[in-house]
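Down below is the structure, laid out as structure tokens.
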Ligand SMILES: [Cu+2]
């Protein structure tokens, strides 16, 4: 409750001309930003479209395990190194505090990526090209992905997820 109540009927007083101009300008800026959001999604390169499916930890882990078993070529620092065939489904799992597996992909080939978290909210951030996706638990984010440059890429988590957040670094290698 206010110690200085406004005058009775203040709500129905007319808006001053200057205030109307400000409201108009603010509306134009809002609509401009809204249009930019759509244009950025279509023409920007950081947030391509993806499809999201409902899943659960059990279901995703089963798909993930089958994927790793089928295409595993080695191990590195306790991570499975997986080299999937082009034009296949690729699974990447986020959990405290790791992105797995280490992926080896072929330049110019297309892959259907599945991203999911099995515990908390994580952020998939592919560096240094700066592609970013939110990864929620119980959701499978599917995007078709064609690496266009060979090299070694880092996958870092860009959503703070606890004490080991800074250690959550995965690896994708793109071969010629
Ligand atoms: Cu994190």
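Numbering (the numbering used here), first residue to last: 49 to 224. Ideal Cβ positions, reconstructed from N, Cα and C, are used throughout, including at glycine.
Same chain only: Cβ atoms within 6 Å of residue i, ignoring 5 sequence neighbours per side
{"i": "residue 187", "result": "100"}
{"i": "residue 244", "result": "In the structure as shown, the chain starts at 49 and stops at 224, and residue 244 therefore has no counterpart that could be examined."}
{"i": "residue 105", "result": "166"}
Whole-Å CB distance - residue i paired with residue j, under 8 Å assumed
{"i": "residue 134", "j": "residue 117", "result": "Contact flag wrong, Cβ pair sits at about 19 Å."}
{"i": "residue 204", "j": "residue 175", "result": "6 Å"}
{"i": "residue 190", "j": "residue 98", "result": "6 Å"}
Beta-carbon contacts of residue i that lie in its chain and below 8 Å, excluding the five residues immediately before and after
{"i": "residue 216", "result": "142, 144, 145, 146, 147, 170, 204, 205 and 209"}
{"i": "residue 103", "result": "164, 186, 187 and 188"}
{"i": "residue 123", "result": "129"}
Cβ shell of residue i (< 7 Å), same chain only, five flanking positions each side left out
{"i": "residue 139", "result": "111, 112, 115 and 162"}
{"i": "residue 109", "result": "166"}
{"i": "residue 256", "result": "Because the chain spans 49 through 224 in this model, residue 256 falls outside it and cannot be assessed."}
For this session: Answer yes if the stretch 124 to 132 comes into contact with the stretch 151 to 164, meaning at least three C-beta pairs across the two stretches below 8 Å, and no otherwise.
Result: yes
Problem set entry | Ranges of the alpha helix (DSSP H) found wholly within the stretch 98 to 180, counting only runs of at least 4 | Segments of the alpha helix (DSSP H) lying fully in the stretch 98 to 180: 105 to 119.
Exercise. Just the residues with CB closer than 6 Å to a heavy atom of ligand 1, in chain order, which are they?
Worked result: 170, 205, 207, 208, 209, 213 and 216
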